[in-house]
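Residue numbers (the numbering used here): 1 to 183. Accompanying notes for the structure given below.
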Amino acid sequence: MPAPQGARSNYKNRPVEPVDHGLGRSRGGWTTKIHLVVDGLGRPLTIRITPGQAGDNPQLLPLLDDLAVPVRDAAATTHRSHPDAVLADKAYSHPSTRKALRRRGIRAVIPEKSDQIAHRKAKASKGGRPPAFDATAYRRRNVVERCFNKMKEWRGIATRYDKLAVTFLGGVVLASIVRCWLR
């Protein structure tokens with residue numbers, strides 16, 4: 001039986017998921033991304049939740065804005081607002097990100113994407129120099145991946161059982177405290 005004229009069909013004009021739920025379509029279905037800034041020991045310092053289809057690169061600067069790095073001097077009780085270096089994967093490799101990190105005085109240890117390399121080489125001498133990359137320092141990026149693995153040992157984090165993003169974020173924070181801070 002056809003739908004009456006003027007009525008909405010079941011497959012068009014679906015309600016959009018509210019932004020605060022942190023759910024989005026990705027290749028594997030409905031997913032959520034967890035963005036972390038961790039210290040050298042793998043302890044999360046800032047956490048953000050975004051929908052699965054959201055890009056990683058736009059989240060880097062807001063994560064750094066939320067960050068307060070403890071000063072290593074035992075006599076100092078202050079925090080500085082930025083780390084010495086940022087180790088990130090290729091998803092964060094964008095000229096605007098590198099420029100923003102340079103303005104903040106942060107060293108970017110981010111490998112260049114293959115399409116960016118090809119584009120720069122196609123421009124020949126006008127393409128400029130490749131960005132500096134410290135392969136030795138980049139080896140420490142596994143600390144971030146190990147932190148993710150520790151948190152995802154909790155089934156609720158690995159599978160996202162919670163409907164609301166605030167509930168899921170609370171679970172991520174709790175998992176990071178128990179798995180990473182209280183070892």
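Backbone N, C-alpha and C define an ideal beta-carbon position, used for all residues, glycine too.
- F133 counts as exposed, since fewer than 16 other beta carbons sit within 10 angstroms of its beta carbon.
- A straight line joining the alpha-carbon of Y161 with that of N57 spans about 26 Å.
- With a cutoff of 8 Å on beta-carbon distance, I47 and S176 are scored as near each other.
- Looking from the CA of K33, the closest CA among A68, L41, G55 and A135 belongs to G55.
- In the assembly as shown, A91 is an exposed residue. Its beta-carbon has fewer than 16 other beta-carbons within 10 Å.
- The region 105-113 and the region 129-145 touch, with no fewer than 3 CB-CB distances between them shorter than 8 Å.
- G22 places its beta carbon 8 Å or farther from that of A158.
- Across the set V38, R129, A118 and V172, the C-alpha of V172 shows the shortest separation from the C-alpha of M151.
- Taking C-beta atoms as the reference points, V37 and L63 count as a pair closer than 8 Å.
- In summary, L87 is buried, with 16 or more beta-carbon neighbours lying within 10 Å of its beta-carbon over all protein chains present.
- Sorting L101, G29 and K163 by C-alpha distance to the C-alpha of P83 places L101 at the top.
- For V143 and G127, the gap between their C-alpha atoms comes out near 33 Å.
- An exposed status is given to T167, since fewer than 16 other beta-carbon atoms sit within 10 Å of its beta-carbon.
- For the options G24, H35 and K121, the alpha carbon positioned closest to that of L169 is the one of H35.
- By the CB criterion at 8 Å, G40 and R146 fall outside the cutoff.
- In this structure S93 is buried. Its beta-carbon is surrounded by 16 or more other beta-carbon atoms within 10 angstroms.
- Boundaries of the alpha helix (DSSP H) harbouring L101: P95 to R103, taken from the DSSP string.
- E153 and A124 have their alpha carbons spaced roughly 47 Å apart.
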